[in-house]
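Enquirer: Encoded as C-alpha cells, here's the structure I'll be asking about.
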Amino acid sequence: MQLPIFNRLAHSRRVLLAGCGGGYDVASAIPLWHYLRAQGKTVVFANLSFTQLDFTDCAQPSPGCYRIDDTPAPMPYFPEKHLYDWLKQQGETAPQIYAYSNRLGVQPLRAAYRYLREEHRLDTLILVDGGTDSLMRGDETGVGTLVEDSLSVIAAAGADYPAAYLSINAFGIEQGLDHYPLLHNIADLTALGAYLGSHSLSAEMPEGAAYLDLIHTLNERLPSHKSIINNAIASAMRGVFGDYHSSARTRGSEQFINPLMPLYWYFDLSAVAARLTFRAAVETSQNMDEYLAAYLAARAAQPRRTERRDLPI
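Written as C-alpha cells, this is what we have:
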C-alpha cells in the first residue's frame, strides 16, 4: 500500500523540510529526510528558530534568514546547529540548513521561503509540525500554541512552491488544545481531498532509528533544554504509556504518552491555510508584534465553535 503523499513525492526532486512552529520542530523532519535521501532526492532544511540568531555570526543571505554552517559562535540553545553537526556525522558532507528569525511577520517570512525556493531550485515544500496545533482554524476554544504554526502555514502557503504539504505528529501532546474539533478539522480536510494519508514511525524502521538517534544526540548536547514533544514521541516509540516524564520540564503536569504520538499525518498545505479564520487579518504583517496583535484581535472577535470537549486528551 502506498500513501498518496509518497505517490506525490515520487515526482519531487529538490525538497525543503521546514520546522513549522519553531524550536525542535525541524527534528520531526528527520524520518522524511532519511526516506527522501534514500530515494536520491536533494533535501534542504529550514526552521523557525527560537535562538538569538543575531549573535550566532551566521551569514544572513536573506533578511531574517540565516545559513547554518561550521562557523557559528557557541550558543546555549541552538538546535539547528546541532542538527547540522548530526547530519555531517551521518555522511552529509555539506548540509543545507537555514534558521528563520522568530521576529518575522508573514511578508518577510514568505520572502525567505521564496529565497530558498529560488536559491536551491526547490520544487517541493513540506512543513513539519512537531504537534498538531497547526491544524486548528482559530475558532476553537483551545488552540494550543497556534501563533508560530499559523505564521509558518500562511507564509509558506503563499511562497509559490510547485508542491507544498503539511506534516503533523505527536497527537495528544499539547496542553490547552481541544482534540475533538481537531479531529473534526481532519475530517473536513479529508472531505476536501486534502488529507494525504498517515503512517506510524517505529524504532525498527531505518527512518525511526535515525530519528531516535538524533533525539538522543540533542538530549546529550542540550540537557537543560530537552524537547518535550520529541521525547514524548521517542518514549511512545519505545512502548511507554501514560503519565511518563522524560524531562524535568514537564514535572507538575500530567502527560499522556500514547501510541498515536509517532503517527505522521499529511495534508495539502494550501487547503490548511485557506481554512484559517484569521488569515486575512495577519496577511500583511511585517513582524511578529504586528502578527500577534492582529491574531489576538481576530481571535477576540471570532465566535467560538461549540463542540464536545470530553475526549480524555
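The UniProt record's numbering applies: residue 1 is where the sequence shown begins, and numbers increase by one. In this text, a Cβ means the ideal position worked out from N, Cα and C, and glycines have one as well. Keep in mind the model is a prediction, meaning the values are calculated, not measured.
For residue 172 and residue 258, which I take to be in contact (beta-carbon distance under 8 Å), what is that distance rounded to the nearest angstrom?
Expert: Looking up residue 172 in the sequence shown gives position 172. Looking up residue 258 in the sequence shown gives position 258. Yes, residue 172 and residue 258 are in contact; Cβ-Cβ is about 5 Å, under 8 Å.
Enquirer: Three Cβ pairs or more, each shorter than 8 Å: is that satisfied between the region 96–103 and the region 37–45?
Expert: Yes, the region 96–103 touches the region 37–45.
Enquirer: Counting Cβ pairs closer than 8 Å, one from the region 203–211 and one from the region 162–169, do we hit at least three?
Expert: Contact between the region 203–211 and the region 162–169 is absent, because fewer than three Cβ pairs lie under 8 Å.
Enquirer: Curious, which full-length beta strand (DSSP E) runs of at least 3 residues does the region 138–178 contain?
Expert: Taking only runs of at least 3 residues, the beta strand (DSSP E) segments lying wholly in the region 138–178 are 163–168.
Enquirer: Please state the DSSP three-state secondary structure of residue 60.
Expert: As a first step, residue 60 must be located in the sequence shown, where it is residue number 60. Residue 60: strand per DSSP, three-state reduction.
Enquirer: Does the count of Cβ pairs from the region 144–159 and the region 8–21 closer than 8 Å reach three?
Expert: Because the criterion of three Cβ pairs below 8 Å is met, the region 144–159 and the region 8–21 touch.
Enquirer: How about residue 80 and residue 101: do their beta carbons lie closer than 9 Å?
Expert: Within the sequence shown, numbered from 1, the residue matching residue 80 stands at position 80. Within the sequence shown, numbered from 1, the residue matching residue 101 stands at position 101. For residue 80 and residue 101, no; Cβs fall outside 9 Å.
Enquirer: Give the straight-line distance between the Cα atoms of residue 218 and residue 226, rounded to the nearest whole angstrom.
Expert: For the purposes of this step, residue 218 is taken as residue 218 along the sequence shown, with counting starting at 1. For the purposes of this step, residue 226 is taken as residue 226 along the sequence shown, with counting starting at 1. Their Cα atoms are separated by approximately 7 Å.
Enquirer: Which residues does DSSP pair with residue 47 in a beta bridge?
Expert: The residue labelled residue 47 in the question sits at position 47 within the sequence shown. Bridge partners of residue 47: 19, 99.
Enquirer: Within the region 202–253, note down every full alpha helix (DSSP H) run reaching 4 residues or more, in order along the chain.
Expert: Listed in chain order, they are 206–221, 228–237.
Enquirer: Drop a sphere of 10 angstroms on the beta-carbon of residue 263, count the other beta-carbons inside from all chains shown, and report buried for 16 or more, exposed for fewer.
Expert: One-based indexing of the sequence shown puts residue 263 at position 263. When all chains shown are included, residue 263 counts as buried.
Enquirer: Please list, in chain order, all residues of the same chain as residue 250 whose beta carbon is under 8 Å from its beta carbon, the five residues on each side excluded.
Expert: Numbered from its first residue, the sequence shown carries residue 250 at position 250. 228, listed in sequence order.
Enquirer: Would residue 24 pass as a contact of residue 130 if the rule is Cβ separation under 9 Å?
Expert: In the sequence shown, counting from the first residue as 1, residue 24 sits at position 24. In the sequence shown, counting from the first residue as 1, residue 130 sits at position 130. Yes; because the gap between Cβ atoms is below 9 Å, this pair is in contact.
Enquirer: Could you tell me which residues DSSP pairs with residue 267 in its beta bridges?
Expert: Stepping through the sequence shown from its first residue, residue 267 is reached at position 267. DSSP, once it has assigned bridges, lists 166, 195 as partnering residue 267.
Enquirer: Excluding the 5 residues flanking residue 241 on each side, which residues of the same chain have their C-beta closer than 8 Å to its C-beta?
Expert: Here the question's residue 241 lines up with position 241 in the sequence shown. Hits under 8 Å: 257, 258, 259.
Enquirer: Residue 149 to residue 65, Cα distance in whole Å?
Expert: Mapped onto the sequence shown, residue 149 falls at position 149. Mapped onto the sequence shown, residue 65 falls at position 65. One C-alpha to the other measures close to 17 Å.
Enquirer: Run through DSSP, which three-state label would residue 129 get?
Expert: Position 129 of the sequence shown, counting from 1, holds the residue named residue 129. The answer is strand: DSSP assigns residue 129 an E or B state.
Enquirer: Within its chain, find whatever has a CB closer than 6 Å to the CB of residue 233; leave out the 5 residues flanking it on each side and keep chain order.
Expert: Counting from one through the sequence shown, the residue named residue 233 turns up at place 233. Within the same chain, residue 233 has close Cβ partners 170, 261, 262.
Enquirer: State buried or exposed for residue 181, treating a residue as buried only when at least 16 other CB atoms are found within 10 Å of its CB.
Expert: What you label residue 181 is simply residue 181 of the sequence shown in a count that begins at 1. The residue in question, residue 181, is buried, as its Cβ has 16 or more Cβ neighbours within 10 Å.
Enquirer: So, helix, strand or coil for residue 260, using DSSP?
Expert: Mapped onto the sequence shown, residue 260 falls at position 260. In the structure shown, residue 260 sits in coil (DSSP, three-state: anything other than H, G, I, E or B).
Enquirer: In the DSSP assignment, the beta strand (DSSP E) including residue 67 goes from what residue to what residue?
Expert: For the purposes of this step, residue 67 is taken as the residue at position 67 of the sequence shown. Counting along the chain, the beta strand (DSSP E) containing residue 67 begins and ends at 65–68.
Enquirer: What residues are listed by DSSP as bridge partners for residue 104?
Expert: Taking the sequence shown and counting its residues from 1, one reaches residue 104 at position 104. According to DSSP, which records beta bridges pairwise, residue 104 is partnered with 287.
Enquirer: Could you give the first and the last residue of the continuous alpha helix (DSSP H) run that contains residue 278?
Expert: Translated into the one-based positions of the sequence shown, residue 278 becomes position 278. That residue, residue 278, is in no alpha helix (DSSP H); it is neither H nor E in DSSP.
Enquirer: Any idea if residue 288 is buried or exposed, counting beta-carbon neighbours within 10 angstroms, 16 or more meaning buried?
Expert: Here residue 288 corresponds to residue number 288 of the sequence shown, with the count starting at 1. Answer is buried; the Cβ neighbour count reaches 16.
Enquirer: Since residue 4 is in the alpha helix (DSSP H), which residue starts that stretch and which ends it?
Expert: Taking the sequence shown and counting its residues from 1, the one referred to as residue 4 is at position 4. 4–9 is the span of the alpha helix (DSSP H), which, as asked, contains residue 4.
Enquirer: So is residue 262 in contact with chain D if we call contact Cβ pairs under 9 Å?
Expert: In the structure shown, chain D cannot be found, because there is only a single protein chain.
Enquirer: Between residue 167 and residue 266, how many whole angstroms is the CB-CB distance? I'm expecting something under 8 Å.
Expert: Taking the sequence shown and counting its residues from 1, the one referred to as residue 167 is at position 167. Taking the sequence shown and counting its residues from 1, the one referred to as residue 266 is at position 266. About 5 Å separates the two Cβ atoms, so the contact holds.
Enquirer: Assuming contact is defined by CB atoms lying nearer than 9 Å, are residue 268 and residue 189 in contact in what I supplied?
Expert: For this step, residue 268 is matched to residue 268 along the sequence shown. For this step, residue 189 is matched to residue 189 along the sequence shown. Contact: yes.
Enquirer: Throw me the rounded Cβ distance for the residue 134 and residue 20 pair, which I believe falls under 8 Å.
Expert: Here residue 134 refers to the residue found at position 134 when the sequence shown is read from its first residue. Here residue 20 refers to the residue found at position 20 when the sequence shown is read from its first residue. Confirmed, about 5 Å.
Enquirer: Apart from the five residues just before and just after residue 52, which ones in its own chain have a Cβ nearer than 8 Å to its Cβ?
Expert: For the purposes of this step, residue 52 is identified with residue 52 of the sequence shown, where counting begins at 1. Contacts found: 75.
Enquirer: Report the rounded CA-to-CA distance for residue 183 versus residue 307, giving the unit in angstroms.
Expert: The count along the sequence shown starts at 1 and reaches residue 183 at position 183. The count along the sequence shown starts at 1 and reaches residue 307 at position 307. Those two C-alpha atoms are separated by around 11 Å.
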